[in-house]
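The next block holds one structure in the form of structure tokens; read it before the comments.
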Amino acid sequence: MDRDLVLFVIGRITERVNRFLAGELREGGMRELGVSHMEIIGVLTRREKIQMKDLVNLIGKDKSTITALVKKLVRMGLVKKSADPGDSRVSFISLTVKGKGLEPVINAISVRLRARAYRGLTEREKGDLMRLLGKMLGNF
Numbered sequence: 037m038d039r040d041l042v043l044f045v046i047g048r049i050t051e052r053v054n055r056f057l058a059g060e061l062r063e064g065g066m067r068e069l070g071v072s073h074m075e076i077i078g079v080l081t082r083r084e085k086i087q088m089k090d091l092v093n094l095i096g097k098d099k100s101t102i103t104a105l106v107k108k109l110v111r112m113g114l115v116k117k118s119a120d121p122g123d124s125r126v127s128f129i130s131l132t133v134k135g136k137g138l139e140p141v142i143n144a145i146s147v148r149l150r151a152r153a154y155r156g157l158t159e160r161e162k163g164d165l166m167r168l169l170g171k172m173l174g175n176f
């Protein structure tokens, strides 16, 4: 493989991962959710609550995009927003009971994604890949 095509290959992987996830969401009866919604729900399954600004930094999308995604999740009853009692300018988001009900489905999708993505890679290769991708990410 041509070494100058690394970024092209990363882009293709991203495209295929998104297609895989969209199909999984449809099959799981979550047609109205996009991959970015799944990212937010995935973060919230690992944290009881998170500040909006931290979610922006963690997911890597701009604030207006995250705000729109969260608003849809709130409308769907999957996420709730609450103000910090000590500082009303700070808002937290967390999963509702309905949102927590998606956790097993989201986790199962994540397991299937990782199984497919890492098929044929050793633990050492996965570690090397993460190290190299982290190095590239740090360049931006």
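Take the sequence shown: its letters are residues 37 to 176, numbered as in my numbering. Ideal Cβ placement from N, Cα and C applies to all residues, glycine included. The structure presented is a predicted model; accordingly, all values stated were derived computationally and were not measured.
Backbone CA spacing between residue i and residue j [nearest angstrom]
i	j	result
ASN175	ARG155	28 Å
LYS136	LEU94	20 Å
ASN143	ARG39	34 Å
THR101	ILE49	23 Å
LEU131	GLU75	13 Å
SER72	SER146	13 Å
SER6	LYS85	Any property of residue 6 remains undetermined from this structure, which presents the chain solely from 37 to 176.
LEU168	ALA104	33 Å
ARG111	ASP123	24 Å
LEU80	LEU43	30 Å
GLU51	ASP90	25 Å
ALA153	GLY59	15 Å
Contacts around residue i, its chain only, beta-carbon distance under 6 Å, and the 5 residues preceding and following it disregarded
i	result
VAL92	LYS99 and ILE102
ALA119	SER127
MET88	SER127
Exposed unless 16 or more other CB atoms sit within 10 angstroms - verdict on residue i
i	result
MET166	exposed
LEU41	exposed
LEU61	buried
ILE46	exposed
GLY66	Contrary to the premise, residue 66 reads as Met rather than Gly in this sequence. So MET66 counts as buried.
LEU138	buried
LEU25	What the structure shows of the chain is the stretch from 37 to 176, and residue 25 is not part of that stretch, so it cannot be assessed.
LEU69	buried
beta-carbon residue i near the ligand MG non-hydrogen atom, thresh 7 Å
i	result
ARG160	Ligands are entirely absent from the displayed structure, and the ligand MG is therefore not among its contents.
Proximal residues to residue i (C-beta, below 8 Å), its chain only, five neighbours per side dropped
i	result
LEU57	VAL71, MET74, ILE145 and LEU149
Supposed contact pair residue j and residue i - C-beta distance, whole angstroms, cut 8 Å
i	j	result
LYS134	GLY113	5 Å
GLY64	VAL141	5 Å
Cutoff 7 Å; reference residue i; Cβ partners in own chain excluding five residues on either side
i	result
LEU109	HIS73, ILE76 and VAL115
3 or more residues per run - each beta strand (DSSP E) lying fully within the segment 99-165: The segment 99-165 contains these whole beta strand (DSSP E) runs: 115-120 and 123-131.
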